[in-house]
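Structure record follows, encoded as structure tokens.
In the UniProt record's numbering, the protein residues as written are 1 to 161.
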């Protein structure tokens with residue numbers, strides 16, 4: 001991730017595949033490779049796109065992201081990579097890495113969406129798919145960013161910096 005940020009690379013399909021490869025490096029067979037079969041997401045109201053639509057949908061997602069003039073947190077909230085579900089496994093981990101990549105490229109701190117927060121994270125996707133409501137995802141990202149900032153402020157104060 002640091003190498004990608006240091007190279008100041010604009011997010012693209014190759015970076016998405018590279019991040020996925022990093023996530024699944026122990027399962028080399030599927031690492032960094034788009035799925036070739038239809039899938040469904042457990043406990044989700046949304047059905048991911050068919051395999052032949054993965055690349056065009058990702059290209060459209062990236063184009064919409066880069067053409068948006070919205071605040072970065074709203075842009076990230078709209079960046080529904082996981083709804084496309086391009087890989088057999090590791091979409092959630094890759095999606096959360098992509099969130100942090102975009103945050104850090106824009107001067108924000110990385111956030112940590114923990115396992116115990118997964119239901120709220122999934123609810124944010126469902127709210128968008130069922131009600132076209134981004135507010136849950138925007139609040140989720142903003143609140144995690146605020147937690148991270150408060151952590152750094154507290155650390156600085158504790159160390160008299």
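All C-beta atoms in this analysis are idealised placements derived from N, C-alpha and C, irrespective of residue type, glycine included.
Would you say the segment 88-96 touches the segment 55-68, given that touching needs at least three Cβ pairs under 8 Å?
Verdict: no, contact absent.
Alpha carbon to alpha carbon, how far is residue 94 from residue 156?
For the purposes of this step, residue 94 is taken as residue 94 along the chain shown, with counting starting at 1. For the purposes of this step, residue 156 is taken as residue 156 along the chain shown, with counting starting at 1. Looking at the backbone, the Cα of residue 94 and that of residue 156 are separated by about 31 Å.
What first and last residue would you give for the alpha helix (DSSP H) that runs through residue 135?
If you number the chain shown from 1, residue 135 lands on position 135. Residues 135-158.
What separation, rounded to the nearest whole angstrom, lies between the Cα atoms of residue 130 and residue 22?
Along the chain shown, read from residue 1 onward, the residue named residue 130 stands at position 130. Along the chain shown, read from residue 1 onward, the residue named residue 22 stands at position 22. Their Cα atoms are separated by approximately 32 Å.
C-alpha distance - residue 154 paired with residue 144, whole-angstrom precision
Locating residue 154 in the chain shown gives position 154, counting from the first residue. Locating residue 144 in the chain shown gives position 144, counting from the first residue. If you take the alpha carbons of residue 154 and residue 144, they lie about 15 Å apart.
Please classify residue 35: does DSSP put it in a helix, a strand, or coil?
Residue numbering aside, residue 35 sits at position 35 when the chain shown is read from its first letter. Residue state, collapsed to three classes: coil.
Please state if the CB of residue 125 and the CB of residue 102 are separated by a distance shorter than 9 Å.
One-based indexing of the chain shown puts residue 102 at position 102. One-based indexing of the chain shown puts residue 125 at position 125. In this structure, residue 125 does not lie closer than 9 Å to residue 102 by Cβ.
If residue 45 and residue 85 are in contact, beta carbons under 8 Å, what's the gap, nearest whole angstrom?
Numbered from its first residue, the chain shown carries residue 45 at position 45. Numbered from its first residue, the chain shown carries residue 85 at position 85. The distance from the Cβ of residue 45 to that of residue 85 is about 13 Å, inconsistent with a contact at the 8 Å cut-off.
Quick check: residue 41 and residue 51, are their CB atoms within less than 9 Å of each other?
The count along the chain shown starts at 1 and reaches residue 41 at position 41. The count along the chain shown starts at 1 and reaches residue 51 at position 51. Taking 9 Å as the Cβ cut-off, residue 41 and residue 51 do not qualify as a contacting pair.
Which whole runs of the alpha helix (DSSP H) in the UniProt domain "Fido" (11-143) are 4 residues long or more, in chain order?
Fully enclosed alpha helix (DSSP H) runs of 4 or longer: 13-23, 54-67, 72-78, 81-84, 91-105, 118-131.
Is it buried or exposed for residue 232, if we count other Cβ within 10 angstroms and need 16 for buried?
No statement about residue 232 is possible, as the shown extent of the chain runs from 1 to 161 and does not include it.
Straight-line gap, residue 20 to residue 152 (C-alpha atoms, nearest Å)
Here the question's residue 20 lines up with position 20 in the chain shown. Here the question's residue 152 lines up with position 152 in the chain shown. Each residue's Cα considered, the two are about 29 Å apart.
Cβ pair residue 15, residue 59 closer than 9 Å:
Here residue 15 refers to the residue found at position 15 when the chain shown is read from its first residue. Here residue 59 refers to the residue found at position 59 when the chain shown is read from its first residue. If you check the CB distance, residue 15 and residue 59 do not come in under 9 Å.
I'd like to check one pair, residue 75 with residue 68: are the Cβ atoms closer than 9 Å?
Counting from one through the chain shown, the residue named residue 68 turns up at place 68. Counting from one through the chain shown, the residue named residue 75 turns up at place 75. Yes, these two residues count as a Cβ contact at 9 Å.
For residue 148, collect the residues of the same chain with a Cβ closer than 8 Å to its Cβ; drop the 5 residues on either side in sequence, then sort them by chain order.
Reading the chain shown from its first residue, position 148 is the one you call residue 148. 109, 110, 111, 112, listed in sequence order.
Cα-Cα separation, residue 160 to residue 34
The residue you call residue 160 lines up with position 160 of the chain shown. The residue you call residue 34 lines up with position 34 of the chain shown. Whole-angstrom Cα-Cα distance: 49 Å.
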